[in-house]
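Notes to accompany the following structure.
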Amino acid sequence: MPLGSLWRLNPEQEATLEKLHIATVHDLLRHYPSRYEEPGQAKHIADCAALETVTLTGTITKSEARRAFKKKTPLGEATLDDGTGTLTLIWFHQPYMAKKFGVGAQVQVRGQVRERNKKISIINPDIEFSTGETTPLLGSPKSLAPVYPASAGISSQWFAYHIGELLGRRAHERLSDPLPDDLRARYKLPSLSASLFYVHAPQRLSDARAAQKRFAFEEVFFLNLVRLRDRESYQELGSPRLAAPESALGQFTARFPFTLTSAQARAVAAILTDLARPRPMMRLLEGDVGSGKTAVAAIAAYATVLSGQEIAYMAPTEILARQHFESFIGYFAHLGVQVGLITGSECRKFPSKISAGWRTEEHTHISRAQLLKWVANGEIPILVGTHALIQKNVLWKALGLVIIDEQHRFGISQRMALARGKNAEHTQNNTKKSVPHLLTMTATPIPRTLALTIYGDLDLTLLDEQPVGRKPVITEIIPEGERERAYERMRAEIEEGRQAFIICPRIEEPDPEKELALEAKSAKSEAKRLQIDIFPEYEVGLVHGKLHLHEKEQVMKDFTERRLHVLVSTSVIEVGVNIPNATVIAIEGAERFGLAQIHQFRGRVARSDKQAYCFLFLGSRSAASVARLKAVVNAKNGFELAEKDLQIRGAGTLGGSAQSGLSDIGMEALKNLKMVEAARAEAAKIIDSDPTLAAHPLLHERLSRTQTIHFE
């Protein structure tokens with residue numbers, strides 16, 4: 001039943017609910033609390049301390065809608081008085097809250113106390129009238145109070161009130177349970193109706209935990225069901241057999257300026273075996289930073305070229321696409337293999353028609369129409385690009401292999417669009433009965449539970465060795481008072497002709513009036529400070545995500561060609577940037593980044609046989625921050641760090657930002673390997689016996705509600 005048929009929703013609420021994918025009663029009941037509070041534990045304002053999460057009851061004595069002084073952000077502001085003191089309530093982008101809770105209103109408020117200039121406030125608090133609008137079934141003296149993630153125009157109390165009303169109408173009892181009875185019995189999971197009541201209106205925390213366990217299992221189970229069904233469907237189509245002579249591949253790898261590690265050799269063997277089969281390869285190559293994924297991809301591409309087929313190589317950014325284009329020129333120039341590049345802003349081709357030889361730098365810009373013509377007739381067997389590769393007008397003669405780099409940055413629909421998209425019918429191989437082989441790659445270490453769940457449709461190959469001669473990066477935690485020691489190491493490296501990165505958490509200084517304004521160094525101000533105060537004798541550059549592409553390119557070119565000694569950057573250089581001459585990286589506010597993300601940054605200076613250094617500048621002195629960063633110092637590799645990050649911060653932070661497709665409850669399940677393996681085994685059992693789910697109509701219906709994962 002649509003929510004609009006039950007309650008009157010204003011346009012802002014409708015827009016917010018749409019963003020949250022909440023349209024029906026079922027959707028709203030599936031919107032789970034993020035935590036629970038004891039509603040009776042109210043404090044007095046006089047007893048509040050900064051950073052403490054409190055529940056307060058009092059009277060609104062002042063209320064107004066206005067704009068912030070600096071950036072003119074609309075906000076609502078009110079003063080709460082409980083007889084022991086006053087406190088300011090601020091709602092950014094919600095000026096209407098000042099009108100809703102006007103002077104004289106008796107309210108209950110929950111939120112985190114902030115202190116500035118000896119005045120205390122709560123930013124975007126949860127608030128409700130302490131008389132009048134009450135929450136049916138929820139928040140009674142004997143029960144826990146659910147707290148929901150608030151969004152623009154919709155508070156936690158809005159969710160609690162309306163979900164409570166649905167429970168009061170017993171709407172949860174009229175929903176069909178998609179989990180088979182025998183499966184629930186095996187794992188002692190409560191029914192759907194009981195779980196919905198327990199998660200939204202628990203009398204005890206143990207009730208909520210039982211419901212969360214059921215929903216966690218359910219989400220992981222259904223996600224695996226989707227992945228395994230899609231894999232079965234894809235592999236039914238078949239692929240061309242791509243078999244290359246071992247002698248030719250041996251000659252190709254003999255030209256590499258390094259010897260393949262045993263992990264690379266195993267990966268190559270697995271990929272070549274896949275390519276020679278009539279079923280499409282679906283493989284994820286997961287390599288630690290600097291482990292040599294591109295070389296493995298080049299060998300797979302050469303085997304495809306030798307079989308007379310074409311290769312599509314997709315990267316998430318134009319900078320990375322151009323870097324891979326140039327890398328592949330280096331691998332294939334001596335063979336006369338043509339390589340193309342297509343992005344949103346340009347097209348290039350190697351070799352240039354006017355070149356006298358096959359030197360690496362001799363590529364040229366060409367028109368998009370000409371490039372697409374040559375790709376369609378098979379003259380350019382290797383095409384590197386960004387999302388531009390999946391446009392409808394990119395047609396292939398015989399697409400045999402799709403390679404997707406940093407694949408966690410693409411949605412599954414995007415990688416499938418390249419492998420079996422609308423242009424599939426225009427290729428010799430990509431028909432209703434045949435699709436190209438698929439090799440996806442990532443340098444972001446992924447815990448086993450996450451790999452089993454998010455990438456359950458892919459075979460997993462690990463590159464867990466570093467090239468011979470590669471030295472571990474010396475990593476140190478640097479307190480505020482010891483910065484000069486790190487700067488001296490940078491100077492020493494620069495004097496030796498090397499270069500340094502400095503990473504900042506944000507681009508610009510925060511607006512002090514904004515919510516969540518943090519004491520974090522900005523790239524712009526730090527670049528100026530470093531140039532003037534720290535490294536006046538050297539050239540300091542700046543790159544960040546808001547620069548135009550040509551500006552980024554110029555900065556990276558200047559750094560690559562050593563006209564810049566120090567490069568200040570945001571996380572834009574997190575993945576893939578290859579500057580072997582850079583041997584030092586300093587990370588400002590290191591505690592603000594995930595461990596796996598810090599490991600990615602550190603990988604930017606682990607690109608040569610020179611000793612490299614990573615300095616973690618602390619913005620917080622908390623024992624927890626120091627303990628967490630010590631894991632970076634002590635970890636042997638990125639896989640170990642990813643597991644640690646999963647335990648410390650949760651799966652939602654892996655890869656650097658919140659994930660989608662699993663709720664917070666589902667993400668928590670990824671800490672439980674036994675649960676993930678059990679859910680996957682149950683899903684595999686059902687797909688093996690009933691691949692179309694014809695005998696499981698409730699499972700089939702539930703799959704339509706399972707969102708697509710985009711692990712970014």
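Residues in the sequence shown are numbered consecutively from 1, following full-length UniProt numbering. Glycine included, each C-beta is placed from N, C-alpha and C at the ideal position.
Residue i, buried or exposed, once every other Cβ within 10 Å from all chains shown has been counted against 16
i    : result
K99  : exposed
P697 : exposed
K422 : Because K422 sits at a pLDDT of 42, beneath the cut-off of 50, its placement in the model cannot be relied upon, and the point is left open.
A219 : In the sequence as displayed, the identity of residue 219 is Glu instead of Ala. It is buried - the Cβ of E219 has at least 16 other Cβ atoms within 10 Å.
W7   : exposed
S239 : buried
G340 : buried
N124 : buried
R283 : buried
H334 : exposed
P146 : buried
R680 : buried
L616 : buried
L192 : buried
R110 : buried
S522 : buried
R348 : buried
T386 : buried
A695 : exposed
P447 : buried
S704 : exposed
A49  : exposed
Residue of the options minimising C-alpha distance to residue i
i           : options                   : result
L3          : A23, T79 and E12          : A23
R498        : P245, T343, R563 and H44  : R563
A248        : A301, G290 and D207       : A301
R439        : D274, Q600, T475 and G619 : The identity of residue 439 in the sequence shown is Leu, whereas the question assumes Arg. Ranking D274, Q600, T475 and G619 by Cα distance to L439 puts D274 first.
P505        : G290, G545, V147 and V394 : G545
Q352        : E362, D690, T343 and G344 : Checking the displayed sequence, the identity of residue 352 turns out to be Ser instead of Gln. Measuring from the Cα of S352, the nearest candidate turns out to be E362.
residue 722 : G469, V540, F129 and G290 : As displayed, the chain neither begins before 1 nor continues past 712, which places residue 722 out of reach and without an answer.
L458        : A276, A695, Y234 and A269 : Y234
A612        : V572, L703 and I494       : I494
H93         : A679, Y538, A150 and L320 : A150
G292        : S327, L306 and T86        : S327
I579        : G76, A492 and G603        : G603
G58         : P536, Q106 and T442       : Q106
P445        : G250, G104 and L641       : L641
K62         : K43, L87, H599 and T304   : L87
H172        : P190, F197 and Q157       : F197
K392        : A376, A50 and P381        : A376
D27         : V113, F159 and A398       : F159
M441        : L29, S434 and L462        : L462
D47         : S307, H31, Y32 and V113   : V113
Boundaries of the alpha helix (DSSP H) in which residue i is found, first to last residue
i           : result
P580        : No alpha helix (DSSP H) holds P580; DSSP gives it neither H nor E.
K552        : L549 to T560
W374        : R368 to A376
W158        : S156 to G168
L332        : Correcting the residue identity first, residue 332 is Phe in this sequence and not Leu. E318 to F332 is the span of the alpha helix (DSSP H), which, as asked, contains F332.
I686        : L673 to S689
residue 746 : Since the first and last residues shown for the chain are 1 and 712, residue 746 lies out of range.
T273        : S262 to L275
L595        : L595 to R602
Q13         : P11 to K19
I665        : D664 to A669
S569        : That residue, S569, is in no alpha helix (DSSP H); its beta strand (DSSP E) goes V566 to S569.
I45         : Where I45 is concerned, there is no enclosing alpha helix (DSSP H), given that its DSSP letter is neither H nor E.
For residue i, the first and last residue of its enclosing beta strand (DSSP E)
i    : result
E37  : R35 to E37
F615 : Y613 to F617
M314 : E310 to M314
Short CB-CB distance (under 8 Å) between residue i and chain D
i    : result
D274 : The displayed structure is made up of one protein chain only, and chain D is not part of it.
Would you check if the stretch 616–632 and the stretch 575–594 touch, i.e. whether three or more CB-CB distances between them fall below 8 Å? yes
Does the stretch 394–405 come into contact with the stretch 296–312, if we say contact requires no fewer than three beta-carbon pairs (one atom in each stretch) closer than 8 Å? yes
Any contact between the stretch 74–83 and the stretch 7–22? By contact I mean 3 or more CB pairs, one from each, below 8 Å. no
Three CB pairs or more closer than 8 Å across the stretch 579–587 and the stretch 485–504: yes
Taking contact to mean at least 3 C-beta pairs separated by less than 8 Å, is the stretch 450–459 in contact with the stretch 226–238? yes
Would you check if the stretch 660–679 and the stretch 199–216 touch, i.e. whether three or more CB-CB distances between them fall below 8 Å? yes
So, does the stretch 53–67 touch the stretch 175–185, judging by three or more C-beta pairs under 8 Å? no
Ranges of the beta strand (DSSP E) found wholly within the stretch 59–135, counting only runs of at least 3: 74–81, 86–92, 106–116, 119–123 and 126–129
Segment contact, 8 Å Cβ cut-off, at least three pairs: the stretch 531–538 with the stretch 458–467: no
Let me know the alpha helix (DSSP H) ranges lying completely inside the stretch 617–642, each 4 residues or longer, listed in chain order. 623–634
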